[in-house]
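Colleague: Note that this note's numbering has the sequence shown beginning at 39, numbered continuously upward.
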Amino acid sequence: MPLIGRCLTCRELSFPIPRPGTYSIEIGWVFRTPQRQCQRVALSINKRSLGEVVIERPCVMEFFAPYSGTLEIHLPDAARPLDLGLGPDERLLSIGVGHFDPLPRFDVFLDIKIKERPRDLLLSQVGLTPRELIKRFESVGGTVEFGMAQRELEYDTSGLLCFVDAPPEVIAAALETRFMDLAAPGTLMISQASIHPEYVIEDSVYGLRFHTWRHEIDISQTDLLISEYEMISYRVKEFIADASRGSKLYVYRSHTLFLAESHERLGSALRALGPNKLLVVHDAHSQRPHGTVERSHSGVTQAWIGSGGADWWTTADLWVDILIAALPDL
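#1: Using a Cβ distance threshold of 8 Å, determine whether the segment 304-323 contacts the segment 213-225, with at least three qualifying pairs required.
#2: Which of the three DSSP states is assigned to A364 in this structure?
#3: Tell me whether the beta-carbon of K315 lies closer than 8 Å to the beta-carbon of Y288.
#4: Using a Cβ-Cβ cutoff of less than 6 Å, which residues in the same chain neighbour M227 once the five nearest sequence positions on both sides are dropped?
#5: Who pairs with Q77 in a beta bridge, going by DSSP?
#6: When DSSP labels each residue in this structure, what does Q340 get in the three-state scheme?
#7: Mark V331 as exposed unless 16 or more other C-beta atoms lie within 10 angstroms of its C-beta, in which case mark it buried.
#8: Kindly identify the DSSP beta-bridge partner or partners of E64.
#9: Out of R247, F138, P168, T71, which one is the CA nearest neighbour of V208?
#10: In chain order, what residues of the same chain lie with their CB nearer than 7 Å to the CB of S106, ignoring the 5 residues before and after it?
#11: Answer yes if the segment 67-77 comes into contact with the segment 143-157, meaning at least three C-beta pairs across the two stretches below 8 Å, and no otherwise.
#12: Cα-Cα, which of L317, E192, F53 is closest to H301?
#13: Go ahead and label T181 buried or exposed: buried means 16 or more other beta carbons lie within 10 angstroms of its beta carbon, across all protein chains shown.
#14: Please report how far the alpha carbon of L159 lies from the alpha carbon of D121, in whole angstroms.
This is the structure:
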């Protein structure tokens, strides 16, 4: 029963237990505050207690259900950030649930067991933290999602295409000319983002859209344009130099069904600059669930990522799943 990315905004939650057996719950996120660095989680079935554990970080909880019925998850430490002086969020926050699944084995034990998540074990085997893993990759656009995941893990990338909206063939065309005339005088314009109150830089040469995360209370349009002309020109040189050194791992986030040829063209444009590799990440669906990875004969690796719902803090966790799964193919 996958529940990837679901943050529990309550003090109690229940799931059906169809039969006796061993079950696991993946905890993908823990609400930690200066006042409390952990969350207590108590489990019961049909109002009969199975025990209580203290969760300090993402993990897997395993427990034995001696009978069928209703599993109740009690979260006594759930709190509202607003009440703690941590921002305007009024939701009760506690933990984020990744999966709730029956296990194939039938182990009888009394205490709730806390184990490392498979992804954490894999990271420890290659000697990487999530932040170190995500630093190995650079976004070549599509959407801003991967760049936001990097920021969530406190890696504030400043790559040229990190926060660019554009189809793969548009980015490929820019790469094929090494971004010739990008940020030439008179080629950049300012517009307003459709969703967030933010200035967006529109490029008239290739059709790239750069998110600035700035708006009118931060800076005037004139000053912003001057700054962006200088910044984009500098980042073009930096991008070409890095890609020419080769062996870079690039990510394109696709929310739309582009033709495979578009992704292959983007991969070819990156390889023309040096021995670089491309990972194209699509929305997961029933035929290709979260974590699926495929390598095409053209050398482009494709992966499928879960939606994560509307909770921004689940994004990096989902991306770590994908990058771990794709790393052996890159």
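Note that beta-carbon positions come from the ideal geometry of N, C-alpha and C, so glycine has one too. In this text, all values refer to a predicted model and were calculated from it rather than measured experimentally.
Modeller: Quick answer:
#1: Result yes; three or more Cβ-Cβ pairs closer than 8 Å.
#2: By 1-based counting over the sequence shown, the position of residue 364 is 326. When DSSP states are grouped into helix, strand and coil, A364 belongs to the helix group.
#3: Position 277 of the sequence shown, counted from the start, is the residue given in the question as residue 315. Position 250 of the sequence shown, counted from the start, is the residue given in the question as residue 288. Yes; because the gap between Cβ atoms is below 8 Å, this pair is in contact.
#4: Locating residue 227 in the sequence shown gives position 189, counting from the first residue. Result list for M227: E240, in chain order.
#5: Residue mapping note: residue 77 aligns to position 39 of the sequence shown, counting from 1. Its beta-bridge partners are I93.
#6: Here residue 340 refers to the residue found at position 302 of the sequence shown. Secondary structure of Q340 (DSSP, three-state): strand.
#7: Counted from its first residue, the sequence shown places residue 331 at position 293. By the neighbour-count criterion, in which 16 or more other beta carbons inside 10 Å mark a residue as buried, V331 falls on the buried side.
#8: On the sequence shown, residue 64 is found 26 positions in, with the first residue counted as 1. Partner(s): V98.
#9: Counted from its first residue, the sequence shown places residue 208 at position 170. Measuring from the Cα of V208, the nearest candidate turns out to be R247.
#10: In the sequence shown, counting from the first residue as 1, residue 106 sits at position 68. Taking C-beta separations shorter than 7 Å and ignoring five residues to either side along the sequence, the partners of S106 in its chain run I55, P56, R57, P58, following chain order.
#11: Per the Cβ contact rule, the segment 143-157 is not in contact with the segment 67-77 (fewer than 3 Cβ pairs under 8 Å).
#12: Residue numbering aside, residue 301 sits at position 263 when the sequence shown is read from its first letter. Cα-wise, what sits closest to H301 is L317.
#13: On the sequence shown, position 143 is the one that residue 181 refers to. Here T181 is buried, its C-beta having at least 16 other C-beta atoms within 10 Å.
#14: Position 121 of the sequence shown, counted from the first residue, corresponds to residue 159. Position 83 of the sequence shown, counted from the first residue, corresponds to residue 121. If you take the alpha carbons of L159 and D121, they lie about 36 Å apart.
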